[in-house]
Structure formats: structure tokens, C-alpha cells
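2 protein chains.
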Amino acid sequence: MSKEQKNEQQFVKEITSMEENFPQWYTDIVLKAEMADYSPVRGCMVIRPYGFAVWSHIQEAADKRFKATGHKNAYFPMLIPEHLLEKEADHFEGFAPEVLWVTHGGDEELPERLFVRPTSETIINTMFAKWITTYRDLPLLVNQWCNVIRWEKTTRPFLRTAEFLWQEGHTCHETYDEAQKETLQMLEIYRQVAEDELAMPVLLGRKSPKERFAGADETYTMEAMMHDGKALQAGTSHNLGQNFSKMFDIEFQNRDGGISNVWTTSWGISTRLIGGIIMTHGDNRGLKMPPRVAPTQVIVIPVAQHKEEVLDKAYDIKEQLSSKFRADIDARDHYSPGWKFNEWEMKGVPLRLEIGPKDIEKEQVVLVRRDTHDKIFVPMAELEDTVARLLDEIHDNLFEMAKKRREENMHRVTDYEEFKKLMSEKNAFVKAMWCGDQDCEDQIKADTAATIRCLPFEHEQEKLSETCLCCGKPAKTMVYVAKAY
Amino acid sequence: MSKEQKNEQQFVKEITSMEENFPQWYTDIVLKAEMADYSPVRGCMVIRPYGFAVWSHIQEAADKRFKATGHKNAYFPMLIPEHLLEKEADHFEGFAPEVLWVTHGGDEELPERLFVRPTSETIINTMFAKWITTYRDLPLLVNQWCNVIRWEKTTRPFLRTAEFLWQEGHTCHETYDEAQKETLQMLEIYRQVAEDELAMPVLLGRKSPKERFAGADETYTMEAMMHDGKALQAGTSHNLGQNFSKMFDIEFQNRDGGISNVWTTSWGISTRLIGGIIMTHGDNRGLKMPPRVAPTQVIVIPVAQHKEEVLDKAYDIKEQLSSKFRADIDARDHYSPGWKFNEWEMKGVPLRLEIGPKDIEKEQVVLVRRDTHDKIFVPMAELEDTVARLLDEIHDNLFEMAKKRREENMHRVTDYEEFKKLMSEKNAFVKAMWCGDQDCEDQIKADTAATIRCLPFEHEQEKLSETCLCCGKPAKTMVYVAKAY
């Protein structure tokens, strides 16, 4: 066995195979690729630099779209005094069990308890009521990047953590139509971030009333299929109607001179998306980073780096690439090239660039794709164009592979026994008809642990049968059903 | 009185004059310019979009310098379990009275209390101990942008708030020398951010032992003079020696094969800098935004906008400028140009661009500088170059004006009675000699409310006399003394 093969074996040994134990595979990757680490704080992770760089690129991709559609960033207090809850008992009830309470400052008991934001409707709408006077103040389009806390019992790095990072958009509008347009516009922006940046195909639709955000008229969602066939709710956008503006008295002088309540929306994506990247694209050799958010897009690895010229040339190439790409070099002299190949493969870097004495002679480099393992010899003169083209191709290929996997695991089911059997055998996405009754929704969950992920939009609707999958009564809509994270 | 004059009066009336009542002037500006707003949470402000945009530009300016010097961003939990404090009683003691405690999750009491980070040495060093094995892991250069909480009794928007946004860098090194070099490098980066980006001149130096960060071997600081003659501590960089690495057992295998403790540093700047911008540059007409962090660098205001061509042309110019500058347009039809001039002047936009029918005829625009009120007629063909040049000139002028003010209010004092008299009459910066004894430091504060801001570096030292300002014993160093925020 060659040294390289041994190195590879060692790495592979350290990552549990995903077929054997998917949750363990996930944890192995998160820790080994240094995306995150467990902390001594229950349910809270540390996002390490490699993982945080992904988050930064997601932020950039989303933020530029938020700004292009007129939203501005702001920052609101993290701690919220208890008395503000009086106005919104129903909304808060949904979060109450997961809310953390601050009771003491230093040695002294606080005169009033404060809770740590699980989401910021309470404080933001309180401020909106202060800021809005007339229709000229509308629309008010605000976004906040921040940390929130939901003290959940069961946690997992990125997917569900007690503290997580997210953005929450909050907007006020003159009319219902404008609020609805905004809600759908932000869902579309989330789709672009997921599909065009993370190469993660998503299904869009409405949540069932049971799964709605507490206080929303409608919740829209994007749902992605993970490598194990489970669904990940990857982002949500809520039309809040006038529910919050009535709770918080957000009124404005309308164009007719009368007083109206504004119409509000809110929408969010979070560090959960990083878990989605890992579970959408990863394989048994490690991560596959979608190129547009990859912390390193090209890793330069010198071969026989002790030989004359090699290191100098490798650094030159890294410098050259750095003007257009996120390029890095691994010039550590205590690891072999084989070791480095495996390490960067595990970290999912889309392109590996090898440069050795023979390549220098031939004025070429070797590029190796993380997604296909294709080895491509590239003349130096064509390097930049080739890298740009390959990064786009890798993005497209990751997207297509994920989409193909989703289509292959998408089932149309009209018989409940067949449905239960399928769900007991595997994690699958199912298209099914639903009567709209929550009893059926609950029954499906009780029988299979699967849930209605969403009601797709009109153009995605199919009429699989006339009757509800569960109860046999007349069906109202097609839904996607799956087990979910 | 013309309508314009009336508008101006109205605005000026709403801002208290700084000579009359500086704190009220500050509050008026913060609120009227929509930089921040009071929130219903004690001591916590809302950073409104206009204020947050300034913070974003400060972040960019600092972050690119952090990255250029090898630092990577990460994220650590905000809540820290009480038991971690056992290791660092002395450090924590400095923060204990201001720390908030989380005691309940939902209705249940937590098994262990958690405190909200006032700074993150505790959690970050705990993780560092896990991550570092050998000298090959060093230096470890990490930065975090986050919120922190210090539950202070007296608060003021930006300057001192219970919750604030900041960055905290934390680094580990093989040797004392490297840690010291890092500490000073980051101080220099902070100086660049303050002077080259915010046009805010700063004095650099060491803190006295009494004013050191709890747990630091040395604390270095930059101190700026505000418009009222008081000092603002605008950023600090700490050489933590091996204090934290011993508390948290951060050990590594050194180059000789032995085991050593790492040497650590930490350093931070915060949203406090925004208060510094306001109080360094503002005047009785409002803010003056330093161009490099100004949310809007050029505001286009159409004059006689109902006339043909004017609005179209104004939008064209705004579009043209937007490719190189942060340009905006105020095309609201329910405010007069005069009203808009005053509003944007109050918001401190460095350049106002006026365009009306006559200007269109002459193929020119009018630029008005916020800092000098100079009115400049610019041919359309020269617009971009002129704007670029003027923004640089405004930056330089703001910096020079602030520096001049500081020099004019800098006093060399060797007689203690003279010192007390000066300090009772005004807020001044004083160069004085000090014996190094904390008793004198305390006496100065008790007598005048002024404090030793820093001990300047060697090349800034002057020998004003042989003896301490306060006690008359032999002096060891020159210090800067001032009242401070």
C-alpha cells in the first residue's frame, strides 16, 4: 500500500460512513473539518474560523440582495423586559418554554425580569410604533443580523443549537397586498441564496396552519432534502397581517387622512444553512463546499516542495489566483502532499491545484475537482479562465446531483398503508393529497414521524387523487410530506 | 425671513447648542439624526439604520486590516456557565458587579447559572486549551464580532450602554516578544481606523496599573479628545502575558520538545467609536460624518424638481455617482430644498449636490461641503474626480481641525495648584509628570475628577520637570491627564 493510500485510509477511518450511521457521519465531519466544536455551554457550539467563513459568505450573498430590495440593517436590544409580553400573549406562548430569563445583575435581583430574544418581534414592533406616523414613513424595511437563543432540549451543531446566528427581517406596509408581495419576494431571495449560492435545491410553499409561526397569517418556507432523505426547513417568510400592528398599536395616517394599522412581515435564515450544506453535498470523504460560499475555492499544494523553484512558483500562483478567487496555499513541510490532498478533500475545497517540478517544466498545473475527482492539466496561460469555468461547473454539478437525488427519492403516494410502509423503510419525500384537517396531519405524524413540510404553490400542484391520503375525505391540496430535522 | 432661513431656524432650535449644554447637544443629535433611539430596555439603545451603517463601515475598515494581518473570525457562545469562573477569580472580579445572570429556562430553574459575556476571555481560552497542541498551532489569531453586556448604572447612547456591539481579538503566541508585537500591532491598526477612517486623532500609550484590564500584564490605549475637552478611551489592546494561559492550562509542545504555556493578547473596539465621531466632528448644525465611514457620501438634491428634466437628470447623476461613491437622492416632493439642505446637513453628509434647471443648462452641478460650507460649481465632465478629491479633502480637514483643537487645549502643567485651577475652569488635556504611585493617581482624581489617560510611548515623552505633579517626589514618566467619558 502506498503512503498516499495509507493516508487516505486514515482519514476515511476517522469519518464514519454515512450509510452506516448518518448522524455520526455528520458529527465527524463538523468536528474533523473544524467547522464547529462543542463548547462547555449546554447546547451551544463554537463556530470555528472555517465554519464562520461560510457564514460570512452566506451573509454577503443574502445581505446584498436585501439591500438591493431596499432593506437597511439596524440593531435592537437582545434583552426584553417581561412587561412587553402583556401585549402579545399568543405570540409569546409559542416560545415561552424555550425562553431564558435574566433575573440578577451582579448580586442584585433585577426589578423586572428580562428574557433573551428567541426572535425580535416584541422589541422591534415596539420601536416601529414610535417611528411610524404617516404613509410617507412606509414601507419601513429593516433587517437585523444577530444571535438569538432558544433553549431547546435536543441540540446538534448548526441544525439546532440553543444559541444561533441569523438574520431577521421586519417590515411594515400600507396594504395587505404590499405585505404579501414582500413576504413572497423574500422567499424568492432565500431560494436564490439556497440554489444560486449554496447549490441546494429547495421546494417552496406554504406551511399548514399548525406549522405556522406563532402570530403569522401565513408562513412560507423553503425545504431541502438532505443526503439521508430527511427534510431541512431552510428559511421561512411570514405574512403577519395586522396581528402585530394591532398588538403594538402601529398606526399611521393613511392617504385618505384616516388612521390605519400597518401590515407587517418577518423572515429569517440562520446558521442552520451550514448544516444544510454539509448534509446536501458531503460524502464519505468529507465536505463538498459549494464554490460560491467556500472559504477556500482553490488550494495550491506544492509537490516535491523541497526542490528548487517549486515553492516560489506555488506562492506566485497563489498570489495570482488571489486577485480573483479565494485561494490558499498549503506549504507545511511536515505533511506529505498525500496527507494534504486528503485533508483539503475532507474540508471540501472545490479545486485542488498541484504544482511540481515536471509541471513547472511543462508550464502547466494540475487541477483536481472535489466533486468528480477529475484531474485536469491546465497550461499556465489558461489558468484563471479555467478556474473560473470549473468553479461554475462544480456549482452546477453539485446542484444537479442534489436535485437528481431529490427527484429519485420523491414518491407519489395515494394509499395510506403504502405510505406507512414506505416511511417505515426509508426517509423519503412524498407527494400526497390532504383534506386540510389537522387531525390527519397529527395522525400522519403519529404513525410515521413524518410531517407536512409545505403546500406547494399553484404551479407545482398535482392532482394525485380526489381524496385525502389519510382519511379518504375529499382532498383540498397536494402537500409534501417527509421526516424532518 | 426667507422660507429657507425659517427652516434652518427650526432645525437649529431643535438642537441644543453645544456651548450651552454639551450632553443635551449630544442627545439631540443622536435622536434627531436618527443614529439611535432609546428603547424600553434599561440602558440599551436601538441602533437605527443610519447609525448602523456607520458601524458597518467601521467594521469593514477594521476587519480588512485584521484579515490582512492573518486573523480569522469565529463565534463563541454568549452564555458562560458559572463553574468556568473558578479558574479565573481575579479576572472576573473586575466584571462581577456588572454581570447579568440567567437563572431560568422557561419555567424551570437551570441546574447551573449562566452569565452573559461582558468579554469572552473565559470561554475563548477554554476552547484554545482544547485546540492547541504544538508550536505548529501557533500563532492562533482569532477575532469575534458580537454583542456584550455590562450592566452599568449610568448609560448614554453609544458611549456607555448596557449592551453594545464590539469586536474582541484573542491570540496565542509562542513567546512573550511575539505577544507584545501583536499587542502593539493591533494598537497601530486601531490608530489607523481612528485617524485614517474616522478622522479622529488619537493619543497612544500604556494605561497605569490601576487602569489596566483585569488580568492583563499591560493595557495599551488610544485616547481621543472630544469637542468639550473630555477624553474618550476609543480602543484598547492587552498583553495578557501567561496569566490566562496558566488559568486555563493552554499548553503546547515547544520547539525543544518541552511543554510551555502560550502567551496571549486581547483587544477591542466598539460602537463607542460612533459616539466619538459625533463628539469629535459635530457642530451646532448637527453631525459631520467623516467621508470614509459616512452612510451617504453625496446627497443629490434636485432644485425646482417639478420642472422638466430636473428629476431625470438628478436620478442620472445619482446613478452615475453610485458606481464609485455612496450616493443617495432626496426626491421627496413634500419638502422644500431648503428643508432638505438642513436635514442632510444635520445628518452630516459630507457633500451636498444641488441640481436645478439653470445648472442643467450650464452642464454643471453645485457641490456644497458640510465641513466648510464652501459652494463649488463643477462642470458635469469633472464631477467624479471632483467628488473623489473633495471627499479626501474633507477627511483631511476634519482630522486637522480636530487635531488643532486638541493641540490648543493641551496644557503642560507642573504646579498642582495651577492644575486644580485649570481643571476646575475647563475640560483640558494636561501633560504632567508622575511618580508612578497610585496614591497620587487617586488624589488627582479626588481633587479634579480627572484621571491619568495614558503613559505615552518613549518618543512622545517630554521631561516637564523632575518631580511628580501631585506629591513632588521624583517623577518617573510623563502622563496625559484629563476628565474622561
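Top to bottom, those sequences are chains V and E. Take the position in the first sequence, starting the count at 1, then add 834; the result is the number in this note's numbering. Take the position in the second sequence, starting the count at 1, then add 834; the result is the number in this note's numbering. From the three backbone atoms N, C-alpha and C, an ideal C-beta is built for every residue, glycine too. Nothing here was measured: the structure is a model prediction, and the numbers come from that model.
State the DSSP-derived secondary structure class of Met1056(E), mapped to helix, strand or coil. For the purposes of this step, residue 1056(E) is identified with residue 222 of the second sequence, where counting begins at 1. Here Met1056(E) sits in strand by DSSP.
Within chain V, partners of Ser954(E) - CB distance below 8 Å: Residue 954(E) sits at position 120 when you count from the first residue of the second sequence. Per Cβ cutoff of 8 Å: no residues; Ser954(E) is ~11 Å from chain V at best.
Run through DSSP, which three-state label would Thr989(E) get? Here residue 989(E) refers to the residue found at position 155 when the second sequence is read from its first residue. The answer is coil: DSSP assigns Thr989(E) none of H, G, I, E or B.
Alpha carbon to alpha carbon, how far is Leu948(E) from Met1267(V)? Along the second sequence, one-based indexing puts residue 948(E) at 114. Along the first sequence, one-based indexing puts residue 1267(V) at 433. It is roughly 47 Å from the alpha-carbon of Leu948(E) to the alpha-carbon of Met1267(V).
For Met912(E), the three-state DSSP class (helix, strand or coil): For this step, residue 912(E) is matched to residue 78 along the second sequence. Three-state DSSP puts Met912(E) in coil, outside helix and strand.
Taking contact to mean at least 3 C-beta pairs separated by less than 8 Å, is the segment 1057-1072 of chain E in contact with the segment 1013-1023 of chain E? Yes, the segment 1057-1072 of chain E is in contact with the segment 1013-1023 of chain E.
Which residues, in order along the segment 1088-1112 of chain E, keep a beta-carbon less than 9 Å from a beta-carbon of chain V? Those residues of the segment 1088-1112 of chain E placed with their C-beta closer than 9 Å to a C-beta in chain V are Thr1105, ordered along the chain.
Run down chain V in chain order and give the residues with a C-beta less than 7 Å from the C-beta of Asn1261(E). Numbered from its first residue, the second sequence carries residue 1261(E) at position 427. Within 7 Å Cβ-Cβ: nothing; Asn1261(E) doesn't reach chain V, min ~30 Å.
Do three or more CB pairs link the segment 1216-1224 of chain V to the segment 1232-1244 of chain V at distances below 8 Å? In short, these stretches do not touch, since the Cβ pair count stays below three.
Provide the residue(s) that pair with Gln978(V) in DSSP beta bridges, ordered along the chain. Here residue 978(V) refers to the residue found at position 144 when the first sequence is read from its first residue. Beta-bridge pairing links Gln978(V) to Glu1002(V).
Chain C partners of Gly939(E), CB-CB under 7 Å? Checking the listed chains, one finds no chain C in this structure; the protein chains it contains are V and E.
For chain E, check one thing: does any of its Cβ atoms lie closer than 8 Å to the Cβ of Met1020(V)? Along the first sequence, one-based indexing puts residue 1020(V) at 186. Not one chain E Cβ lies under 8 Å of Met1020(V).
Is the shortest distance between the beta-carbon of Thr960(V) and the beta-carbons of chain E less than 8 Å? Translated into the one-based positions of the first sequence, residue 960(V) becomes position 126. Yes, because at least one Cβ of chain E sits closer than 8 Å to the Cβ of Thr960(V).
Quick check on the burial criterion: 16 or more other C-beta atoms within 10 angstroms. Buried or exposed for Phe1211(E)? Reading the second sequence from its first residue, position 377 is the one you call residue 1211(E). Under this definition Phe1211(E) is an exposed residue.
Reference Thr989(E); option with closest CA among Arg899(E), Glu946(E), Leu919(E) and Gly1109(E): Position 155 of the second sequence holds residue 989(E). Distances from the alpha-carbon of Thr989(E) to those of Arg899(E), Glu946(E), Leu919(E) and Gly1109(E) put Gly1109(E) closest.
Straight-line gap, Arg1287(E) to Asp1090(E) (C-alpha atoms, nearest Å): To locate residue 1287(E), count along the second sequence from 1; it is residue 453. To locate residue 1090(E), count along the second sequence from 1; it is residue 256. Straight-line Cα distance between these residues: approximately 42 Å.
Taking Cβ positions only, does Ala930(E) come closer than 8 Å to chain V? The residue given as residue 930(E) occupies position 96 in the second sequence. Taking 8 Å as the threshold, the shortest C-beta distance from Ala930(E) to chain V falls below it.
Under the three-state reduction of DSSP, which class applies to Arg1223(E): helix, strand or coil? Within the second sequence, residue 1223(E) is the residue found at index 389, counting from 1. Here Arg1223(E) sits in helix by DSSP.
Is Cys1006(V) close to chain E, meaning its C-beta is less than 8 Å from at least one C-beta of that chain? For the purposes of this step, residue 1006(V) is identified with residue 172 of the first sequence, where counting begins at 1. At a cut-off of 8 Å between beta carbons, Cys1006(V) makes no contact with chain E.
Unbroken beta strand (DSSP E) runs of length 3 or more, entirely within the segment 848-880 of chain E: which are they? Within the segment 848-880 of chain E, the runs of beta strand (DSSP E) that reach at least 3 residues and sit entirely inside it are, in chain order, 870-872.
To the nearest angstrom, how far is it from the Cα of Leu1201(V) to the Cα of Lys1152(E)? On the first sequence, position 367 is the one that residue 1201(V) refers to. On the second sequence, position 318 is the one that residue 1152(E) refers to. Spanning the two alpha carbons is a distance of roughly 44 Å.
By the DSSP assignment, the alpha helix (DSSP H) with Arg1025(V) in it spans what residues? By 1-based counting over the first sequence, the position of residue 1025(V) is 191. Going by DSSP, Arg1025(V) is part of the alpha helix (DSSP H) stretching over Tyr1010 to Gln1026.
Consult DSSP for Ser1299(E) and reduce its assignment to one of helix, strand or coil. Taking the first residue of the second sequence as position 1, residue 1299(E) is located at position 465. Ser1299(E) falls in the coil class under three-state DSSP.
Report yes if the C-beta distance between Leu1298(E) and Glu997(V) is below 8 Å; otherwise report no. The residue labelled residue 1298(E) in the question sits at position 464 within the second sequence. The residue labelled residue 997(V) in the question sits at position 163 within the first sequence. At a Cβ-Cβ threshold of 8 Å, Leu1298(E) and Glu997(V) do not count as neighbours.
Which word fits Ile1093(V), buried or exposed, when buried means at least 16 other C-beta atoms lie within 10 angstroms of its C-beta? Position 259 of the first sequence, counting from 1, holds the residue named residue 1093(V). Ile1093(V) comes out exposed.
Check whether the Cβ atoms of Ser851(E) and Asn1118(E) sit closer than 8 Å, and answer yes or no. Counting from one through the second sequence, the residue named residue 851(E) turns up at place 17. Counting from one through the second sequence, the residue named residue 1118(E) turns up at place 284. Going by C-beta atoms, Ser851(E) is nearer than 8 Å to Asn1118(E).
Could you confirm whether any beta carbon from chain V is found closer than 8 Å to the beta carbon of Asp1167(E)? Walking along the second sequence from the start, residue 1167(E) turns up at place 333. No, no contact with chain V.
Shortest alpha-carbon distance to Glu1275(E) belongs to which of Pro1125(E), Ala1165(E), Tyr1314(E) and Thr1220(E)? Start at 1 with the first residue of the second sequence, and residue 1275(E) comes out as number 441. Here the closest residue by C-alpha is Tyr1314(E).
Which residues of chain V have a Cβ atom closer than 7 Å to the Cβ of Ser1156(E), listed in chain order? Translated into the one-based positions of the second sequence, residue 1156(E) becomes position 322. None at all; the shortest Cβ gap to chain V is about 12 Å.
Same chain, Cβ closer than 7 Å to His917(E), neighbours up to 5 away in sequence not counted: Within the second sequence, residue 917(E) is the residue found at index 83, counting from 1. Within the same chain, His917(E) has close Cβ partners Glu946.
Host beta strand (DSSP E) of Asn1095(E) (start-end): In the second sequence, the residue the question calls residue 1095(E) occupies position 261. Start and end: Ile1093 to Asn1095.
Residue(s) in a DSSP beta bridge with Ser1156(E): Position 322 of the second sequence holds residue 1156(E). Answer by DSSP bridge pairing: none, since Ser1156(E) is not bridged.
Considering only the beta carbon of each residue, do Glu1016(E) and Val1036(E) sit closer than 8 Å? By 1-based counting over the second sequence, the position of residue 1016(E) is 182. By 1-based counting over the second sequence, the position of residue 1036(E) is 202. No, they are not a contact pair.
Based on the DSSP output, what are the partners of Leu948(V) in its beta bridges? Working through the first sequence from its first residue, we reach residue 948(V) at position 114. As computed with DSSP, Leu948(V) is found in a beta bridge with Pro915(V) and Val936(V).
Here's the rule: buried if 16 or more other CB atoms are within 10 angstroms of the residue's CB, otherwise exposed. What is Gln858(V)? Counting from one through the first sequence, the residue named residue 858(V) turns up at place 24. Counting Cβ neighbours within 10 Å, Gln858(V) comes out exposed, since fewer than 16 surround it.
Between which two residues does the beta strand (DSSP E) containing Leu1289(V) stretch? On the first sequence, position 455 is the one that residue 1289(V) refers to. First-last of the beta strand (DSSP E) with Leu1289(V): Thr1285 to Pro1290.
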